[in-house]
Amino acid sequence: MMKRTMVMLLVFCLAILLIACSQATPAVETLVEQVPEATQPPEVETEPAAAEPVVLRVGGVQGIDCWNPYSCSDHWDYNDIVYEGFTGHGPGKGCSGVPRLAKSWEVSEDGLTWTLHLQEGVTYSDGTPFDANTAVEFIQWFNNTELKYWFYTSWNMTEIKALDDLTLQFTTEVPISNFPDYDGVWWWMLSPTIWGEFDDASLLTFEGFPPIGTGPYIVSEWVAGDHIVFDARPDYYQGKPAVDRIVYQQYANWDAMVQAFLAGEIDLTTAKLPPQYYDTLVSAPNTTVEERPPGEMYQLVFNMYEKGTKHPAINDQKVREAIDYAIDKQQLVDIALMGHGVTCPTNYACGEGYEGELNPELVLTPYDPEKARQILEEAGYVDSDGDGVRETQDGQPLEFRFYYAVEIPAEITMAESIKGWLADVGIKIEPEAQESSTLYNAHLDQRDFDMVIVYESADVDPAFLDFGYSCWSADAGSSALNHAGYCNKEVDDLTYSYITTANKEEALAFIFQAQAILNTDRPIILIGAENQIQAFNNQKFDFMQNTCDIGLGMWGYPGVINITVK
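Numbering-wise (the numbering used here), the sequence shown opens with residue 300 and increments by one.
Written out as structure tokens, the structure reads:
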């Protein structure tokens, strides 16, 4: 205890001594300038600057007023990068089917069973997975609607099943020889979120916007009559496209669109440039102009629909034959198309893209106004009152309503030329310009016209005859392409024989017979086919130029997906 007390006392005394020392005279503080050592600023990790999005600006004069792929007539030029079938049009002549949703396929020796091997990792733009089971469910549903008659494959199908998640197999009652080239291209696989609760009527009437597809782009903005914005899908199963955004700009007329191209406001035109702009564009700097064989044809369409509103003489094959002889089709190519086109020996199609598919025995109806007058005279159409216009036997003048599209410059020249030629043989027409939408909705769809010029393509596969000239499509309006409302059971039978005959040579024999009937019946007269002219800015982009001869050119899936960004 004593030892502990002494230690504590010693500590206390030392503390007092230290305090006393600290209170002594203070030391003088010497100020010394402190120079800091040079140091490097701390390194800060920074994100690399985000690359500017690649934007392709496309210009054209046509727009879209609805997006339903199974009922809208004007969606073809815009849906190719949104919706997909099992196959797509291949490059060059023939446009044979190439992989899209199906990466490969084979058909049984008897032509009845097709096995499709699907791409991996496919999803719809709404996130729904697409696989063999999804496809089978859609096709089974589709085959229970009236739309099954759109495709020979669907209405001849007897069985379809998924062998596994990426393999489907279907069997048809008869061989479908051209599935990859035709039905496989146009049979778009809709998302279950669209068709799940639909019936026949709602499938044809649903708005379809925004479109939901498996393609490389989505439609992120649409202002009808002005523009459409397509954005690339990062999750596209073939990889995100090189172009992040495509802006399609609709112009009031071709002059405005060409001026916009020359000013650098757009990078690519559609493949339907009127020929009068060729010389201007081919001499423009930083511009590549591609001219390819015809894809679009000028059809002089007669109202053949049984219940259509028309002049009764339009029903007479002799009147249509006389009109054919009265038109100088070579002059239309030389003047209206400025030499950038060809004449058409058949009333089905013409041009290099259809080589091998056209009846070689058919020839162009020559310009022979005297022959036209003779045909009309012998058929009983005479000018009894001397006013220059022939009449029917009951006295009704041969005066026909005649419409054409105001947006297409060549049609103006064609309409005025045809007016003069027909007047020369005793037929009176008063050409009337219409907006394309009016032309389709008020006249073609309603079957209320006598004659009209339609600027359109035929599919490269002759199976198109089923869509454009069959009895079923006569009642389908513009959702099919039978603008004449033509129906001939013999043509239907020959087209069916073509599609269901596996031997190519034998199949073509059927289609050649059908083409000969079309040349005789003349529900339409092909008055010329225009070369496809398209221009792009070669300082910003390069395109695959060997696309399908009747497709969308560089503005379409093959062109856009294979683009080179400079």
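C-beta atoms are modelled at their ideal positions from N, C-alpha and C, and glycine is treated no differently.
In its own chain, which residues sit with a C-beta less than 6 Å from the C-beta of residue i, not counting the 5 before and 5 after it?
{"i": "D480", "result": "S395, G396, D760"}
{"i": "A621", "result": "A671, I674, L675"}
{"i": "Y666", "result": "D627"}
{"i": "E458", "result": "T470"}
{"i": "C365", "result": "C371"}
{"i": "T691", "result": "A612"}
Are the beta-carbon atoms of residue i and residue j separated by less than 7 Å?
{"i": "A531", "j": "Y516", "result": "yes"}
{"i": "F429", "j": "T513", "result": "yes"}
{"i": "N602", "j": "F840", "result": "no"}
{"i": "G384", "j": "V484", "result": "yes"}
{"i": "A625", "j": "P668", "result": "yes"}
{"i": "P390", "j": "T846", "result": "yes"}
{"i": "R746", "j": "G687", "result": "no"}
{"i": "V600", "j": "I823", "result": "yes"}
{"i": "D623", "j": "T664", "result": "yes"}
{"i": "Y868", "j": "P398", "result": "The first residue shown for the chain is 300 and the last is 865, placing residue 868 beyond what the model contains."}
{"i": "S476", "j": "A801", "result": "yes"}
{"i": "K447", "j": "S453", "result": "yes"}
The alpha helix (DSSP H) that contains residue i, what's its start and end?
{"i": "I860", "result": "856 to 860"}
{"i": "D633", "result": "Note, D633: premise wrong, no alpha helix (DSSP H); not H, not E."}
{"i": "W553", "result": "553 to 561"}
{"i": "E520", "result": "Segment 516 to 522 is the beta strand (DSSP E) holding E520; no alpha helix (DSSP H) there."}
{"i": "N378", "result": "375 to 378"}
{"i": "T794", "result": "788 to 798"}
{"i": "G483", "result": "482 to 485"}
{"i": "F429", "result": "Counting along the chain, F429 falls outside any alpha helix (DSSP H), and DSSP gives it neither H nor E."}
{"i": "E620", "result": "616 to 625"}
{"i": "T452", "result": "451 to 454"}
{"i": "L580", "result": "577 to 581"}
With residue i as the anchor, note down where its beta strand (DSSP E) starts and where it stops.
{"i": "A671", "result": "It is not in any beta strand (DSSP E) - A671 instead sits in the alpha helix (DSSP H) that spans 668 to 677."}
{"i": "T470", "result": "466 to 471"}
{"i": "I545", "result": "544 to 549"}
{"i": "V354", "result": "354 to 359"}
{"i": "A714", "result": "Premise fails: A714 lies in the alpha helix (DSSP H), 708 to 722, not in any beta strand (DSSP E)."}
{"i": "T444", "result": "Neither: T444 is in no beta strand (DSSP E) and is coded neither H nor E."}
{"i": "I527", "result": "526 to 531"}
{"i": "T819", "result": "First-last for T819: 803 to 820, but that is the alpha helix (DSSP H), not the beta strand (DSSP E)."}
{"i": "T386", "result": "386 to 388"}
{"i": "V397", "result": "396 to 398"}
Enumerate in chain order the residues of its own chain whose CB-to-CB distance from residue i is below 8 Å, with the five nearest sequence positions on each side excluded.
{"i": "N861", "result": "F842, M843"}
{"i": "M713", "result": "Y597, L631, A635, Y703, I752, I826, G827"}
{"i": "Y577", "result": "V588, E590, M637, H639, I832"}
{"i": "V864", "result": "V353, A541, V542, K839, F840"}
{"i": "K788", "result": "C770"}
{"i": "P708", "result": "W553, P573, Q575"}
{"i": "Q333", "result": "Bear in mind that the predicted position of Q333 carries a pLDDT of just 40, short of 50, making it too unreliable to give a figure here."}
{"i": "L313", "result": "Caution applies to L313, whose pLDDT of 33 falls short of 50 and renders its modelled position unreliable; the value that the coordinates give is listed next. Excluding positions up to five away in sequence, the list is empty."}
Given residue i, which residues of its chain have a CB within under 7 Å of its CB, disregarding the five upstream and five downstream residues?
{"i": "E729", "result": "F701"}
{"i": "T427", "result": "S490, P491, T492"}
{"i": "W854", "result": "V357, L567, T569, A570"}
{"i": "V360", "result": "Q549, Y550, N552, W553, M556, E706"}
{"i": "F560", "result": "G358, T568, A834"}
{"i": "V641", "result": "P593, V632, C649, G650, A828"}
{"i": "P335", "result": "Below a pLDDT of 50, predicted positions are generally treated as unreliable, and P335, at 39, falls in that range; the measurement from the model is reported next regardless. Answer for P335: no residue qualifies."}
{"i": "N658", "result": "T645, F811, Q814, A815"}
Would you say the beta carbon of residue i comes nearer than 6 Å to a heavy atom of the ligand GDP?
{"i": "V528", "result": "Here there are no bound small molecules, and the ligand GDP is not part of this structure."}
Sort out for me which residues DSSP pairs residue i with in a bridge.
{"i": "M750", "result": "F601, F701"}
{"i": "S403", "result": "H416"}
{"i": "A732", "result": "Y703"}
{"i": "Q833", "result": "E589"}
{"i": "F497", "result": "DSSP lists no partner for F497."}
{"i": "A461", "result": "L467"}
{"i": "C868", "result": "The requested residue 868 is not part of the displayed model; the chain covers only 300 to 865."}
{"i": "E755", "result": "M596"}
{"i": "F840", "result": "V864"}
{"i": "P696", "result": "E690"}
{"i": "T504", "result": "Answer by DSSP bridge pairing: none, since T504 is not bridged."}
{"i": "L567", "result": "V357, F835"}
{"i": "K727", "result": "E698"}
Checklist entry - Does the count of Cβ pairs from the stretch 806 to 820 and the stretch 414 to 425 closer than 8 Å reach three? => result no
Checklist entry - Is the stretch 486 to 499 touching the stretch 429 to 438, taking contact as three or more C-beta pairs under 8 Å? => result yes
Item to check | the stretch 715 to 735 touching the stretch 761 to 770, judged by at least three CB pairs closer than 8 Å | outcome: no
Checklist entry - Is the number of C-beta pairs between the stretch 403 to 417 and the stretch 465 to 473 that are closer than 8 Å three or more? => result yes
Next on the checklist: Contact between the stretch 787 to 800 and the stretch 610 to 617 is defined here as three or more beta-carbon pairs at a separation below 8 Å; is this criterion met?
Outcome noted: no
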